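Working notes, structure below.
Residue numbers (our numbering): 712 to 842.
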């Protein structure tokens, strides 16, 4: 069965986006005077799983970038502006991500954060009022 979990291990973000784009293009062209055939059920399920994989990988990358921006001295106001949200919402999203990383630590196929990683991530995150 095609699932995000089974698909995620097969692709990097770049390759997942490329495959997603190819399937979407084929599906959009099918039946519109093109020689492309519509996707079959398996390909449609792959398309759905790939959409979720891309969203997950992009979200993870976004939070790594938030962490890097904090390390470089960016304020939560600056990060919020770069994300098109408030400093509070950006800080809360990042702290939820830290919690999620702690929750998956030790699960098969997951890296996650151990206690030391969590402490370091929280220290970098600081408070939403801080720089």
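Just so you know, even glycine gets a beta-carbon here, dropped at the ideal spot from N, CA and C.
This structure is a prediction, so every number in the text was calculated from the model and none was measured.
Collapsed DSSP secondary structure at residue i in the structure displayed
i	result
residue 799	helix
residue 791	helix
residue 807	helix
residue 723	coil
residue 663	A question about residue 663 goes unanswered here, because the residues of the chain that appear run from 712 up to 842.
residue 712	coil
residue 821	coil
residue 827	helix
Expected contact under 8 Å - CB spacing of residue i and residue j to nearest Å
i	j	result
residue 731	residue 758	7 Å
residue 835	residue 824	With 8 Å as the limit, residue 835 and residue 824 do not qualify as a contact, their Cβ atoms being about 12 Å apart.
residue 783	residue 790	10 Å between Cβ atoms; not a contact.
residue 734	residue 761	7 Å
Assigned exposure category for residue i - 16 Cβ within 10 Å defines buried
i	result
residue 812	buried
residue 815	exposed
residue 727	buried
### Task
Please list the segments of the alpha helix (DSSP H) lying wholly inside the stretch 743-780, counting only runs of 4 or more residues, in order along the chain.
If you keep only unbroken alpha helix (DSSP H) runs of at least 4 residues inside the stretch 743-780, you get nothing at all.
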